[in-house]
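Protein chains: 2
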Amino acid sequence: MFGLISRMRAQAGRRGELMEILLASTSSMPGCLSYVVAEDAADADAIWITEIWEDEASHKASLSLPVVQAAIGSAKPMIAGFEAQTRTRPLGGAGLSVLR
Amino acid sequence: MFGLISRMRAQAGRRGELMEILLASTSSMPGCLSYVVAEDAADADAIWITEIWEDEASHKASLSLPVVQAAIGSAKPMIAGFEAQTRTRPLGGAGLSVLR
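Protein chains in written order, with the numbering used here: chain A, 1 to 100; chain B, 101 to 200.
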């Protein structure tokens with residue numbers, strides 16, 4: 001499995017709108033096992049995105065999907081920046097039927 | 101929902117053992133919607149734990165479960181430290197049937 005943990009900063013006051021766009025594009029991504037969008041509890045403009053994919057190739061392929069391309073276009077003006085992005089290798093856990 | 105994103109450091113060379121313990125304790129935690137344990141792809145001793153709970157109370161209650169208490173006891177000697185822990189409010193996403 002391939003994972004990404006990203007911290008994104010929204011333009012001031014636009015986190016809600018930005019999260020709506022991110023959430024709307026998360027269905028129907030082949031190879032995506034989990035894609036969760038969360039507010040940072042201590043920072044009003046920070047967003048955490050945690051993703052789990054079957055492999056890195058499925059993540060890369062998702063970036064070309066029309067729904068994802070459209071989301072990137074809509075989201076861009078609301079994004080102040082990516083503050084951190086970590087690549088992970090999820091080994092397992094609870095809550096996802098495909099994980100052990 | 102209540103989320104935690106934690107970066108833990110294993111004692112040098114003990115990440116695999118530590119992850120096995122963390123993974124073994126993740127079943128049967130009431131209110132736990134997701135608990136994923138992942139290696140950091142760029143740091144041989146770093147572990148990421150991403151958790152989603154129905155609410156903060158269910159997370160707190162889990163710390164008293166015998167299975168979790170036992171895991172904490174076994175894991176402690178292998179943990180060098182917690183490097184970061186962020187509290188989040190997951191709003192939704194893909195991959196979890198309870199999320200929108």
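Cβ coordinates follow ideal geometry from the N, Cα and C atoms, glycine included.
Compare the beta carbon distance of residue i and residue j with 8 Å and say whether it is the shorter of the two.
{"i": "R212 of chain B", "j": "G103 of chain B", "result": "The shown model of chain B, from 101 to 200, leaves out residue 212 of chain B, and the question about it has no answer."}
{"i": "R15 of chain A", "j": "I47 of chain A", "result": "yes"}
{"i": "T26 of chain A", "j": "A194 of chain B", "result": "yes"}
{"i": "G202 of chain B", "j": "E154 of chain B", "result": "As shown, chain B starts at 101 and ends at 200. That puts residue 202 of chain B outside it, with no answer to give."}
{"i": "S64 of chain A", "j": "M29 of chain A", "result": "no"}
Under 9 Å between beta-carbons, which chain A residues line up against residue i? List them in chain order, please.
{"i": "A161 of chain B", "result": "Simply none; closest approach about 15 Å."}
{"i": "I172 of chain B", "result": "What I172 of chain B touches in chain A: nothing, since even the nearest Cβ is about 17 Å away."}
Please state whether DSSP places residue i in a helix, a strand or coil.
{"i": "R107 of chain B", "result": "strand"}
{"i": "G192 of chain B", "result": "strand"}
{"i": "S134 of chain B", "result": "strand"}
{"i": "A180 of chain B", "result": "strand"}
{"i": "A161 of chain B", "result": "helix"}
{"i": "E139 of chain B", "result": "strand"}
{"i": "A112 of chain B", "result": "coil"}
{"i": "A144 of chain B", "result": "coil"}
{"i": "E51 of chain A", "result": "strand"}
Assuming residue i and residue j are in contact, meaning their beta carbons sit under 8 Å apart, how far apart are those beta carbons, in whole angstroms?
{"i": "E56 of chain A", "j": "R7 of chain A", "result": "Incorrect: roughly 20 Å between the Cβ atoms, too far for contact."}
{"i": "I79 of chain A", "j": "L18 of chain A", "result": "7 Å"}
{"i": "L22 of chain A", "j": "I52 of chain A", "result": "Rounded, the Cβ-Cβ distance is 16 Å, inconsistent with contact."}
Please list, in chain order, the chain A residues whose beta carbon lies closer than 7 Å to that of residue i.
{"i": "E139 of chain B", "result": "T88, R89 and L91"}
In chain B, which residues lie with their C-beta within 7 Å of the C-beta of residue i?
{"i": "G3 of chain A", "result": "A138"}
{"i": "S27 of chain A", "result": "A194"}
{"i": "I79 of chain A", "result": "By Cβ distance, chain B contributes nothing, its closest Cβ being about 17 Å from I79 of chain A, past 7 Å."}
{"i": "A42 of chain A", "result": "R187"}
Rounded to a whole number of angstroms, what is the C-alpha to C-alpha distance between residue i and residue j?
{"i": "L191 of chain B", "j": "A70 of chain A", "result": "21 Å"}
{"i": "P113 of chain A", "j": "V68 of chain A", "result": "Absent from the model: residue 113 of chain A. The displayed extent of chain A is 1 to 100, so no value can be given."}
{"i": "E20 of chain A", "j": "Q111 of chain B", "result": "40 Å"}
{"i": "P166 of chain B", "j": "P66 of chain A", "result": "48 Å"}
{"i": "V36 of chain A", "j": "A124 of chain B", "result": "23 Å"}
{"i": "G181 of chain B", "j": "A175 of chain B", "result": "11 Å"}
{"i": "A38 of chain A", "j": "K160 of chain B", "result": "19 Å"}
{"i": "I105 of chain B", "j": "D140 of chain B", "result": "13 Å"}
{"i": "Q85 of chain A", "j": "Q185 of chain B", "result": "15 Å"}
{"i": "M101 of chain B", "j": "S158 of chain B", "result": "10 Å"}
{"i": "R9 of chain A", "j": "R109 of chain B", "result": "26 Å"}
{"i": "A142 of chain B", "j": "A42 of chain A", "result": "27 Å"}
Closer than 8 Å by beta-carbon distance: list the chain A residues that pair up with residue i, in chain order.
{"i": "W148 of chain B", "result": "G3, I5, T86 and T88"}
{"i": "M119 of chain B", "result": "L91"}
Since residue i meets chain B, which of its residues come closer than 9 Å, beta carbon to beta carbon?
{"i": "L65 of chain A", "result": "By Cβ distance, chain B contributes nothing, its closest Cβ being about 13 Å from L65 of chain A, past 9 Å."}
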